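Below is one structure, written out as structure tokens; comments come after it.
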Amino acid sequence: MSEDEIGNQVEQIAERKVFANEFSISSTEYYNAAATGIRPSKSFEIYSFEYKGEERLKHKDVVYRVVRTETRGEKTRITCERVAADG
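Read the sequence shown against our numbering and you will find it ends at 87, with the numbers running on by one and no gaps.
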């Protein structure tokens, strides 16, 4: 967080590129998650050392919220849902 010229707290977003494998969400996974109010739309797999606990990601100019991570050895699978546009 930083402050603007009149002292308001402003969130700063730092972007970085990470290479990932993209996966679709299975219908079983989708419906199980939907029962808890989550609507997963994409899943990505990256090297575990590249994941720093981010809560959001951008893919093809669309912002997604991370809803689950699963680490297996050197790979981490990130499941996310699309974020609705503000305003």
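Ideal Cβ placement from N, Cα and C applies to all residues, glycine included.
Small disclaimer: the values here were computed from a predicted structure and weren't measured.
Roughly how many whole angstroms lie between the Cα atoms of residue i and residue j?
i: residue 15; j: residue 24; result: 24 angstroms
i: residue 77; j: residue 12; result: 25 angstroms
i: residue 87; j: residue 62; result: Only weak support is given to the placement of residue 87: the predicted model assigns it a pLDDT of 42, under 50, and the question is left unresolved by the model.
i: residue 27; j: residue 8; result: 43 angstroms
i: residue 3; j: residue 60; result: 29 angstroms
i: residue 72; j: residue 36; result: 24 angstroms
Less than 8 angstroms between the C-beta atoms of residue i and residue j, yes or no?
i: residue 57; j: residue 64; result: yes
i: residue 5; j: residue 40; result: no
i: residue 66; j: residue 50; result: no
i: residue 42; j: residue 22; result: yes
Could you have a look at residue i and say whether DSSP puts it in helix, strand or coil?
i: residue 19; result: coil
Hey, out of the options, whose CA is closest to residue i's CA?
i: residue 68; options: 84, 45 and 74; result: 45
i: residue 74; options: 32, 20 and 36; result: 20
i: residue 83; options: 52, 38 and 18; result: 38
i: residue 52; options: 32, 18 and 2; result: 18
Within its chain, find whatever has a CB closer than 7 angstroms to the CB of residue i; leave out the 5 residues flanking it on each side and keep chain order.
i: residue 29; result: 40
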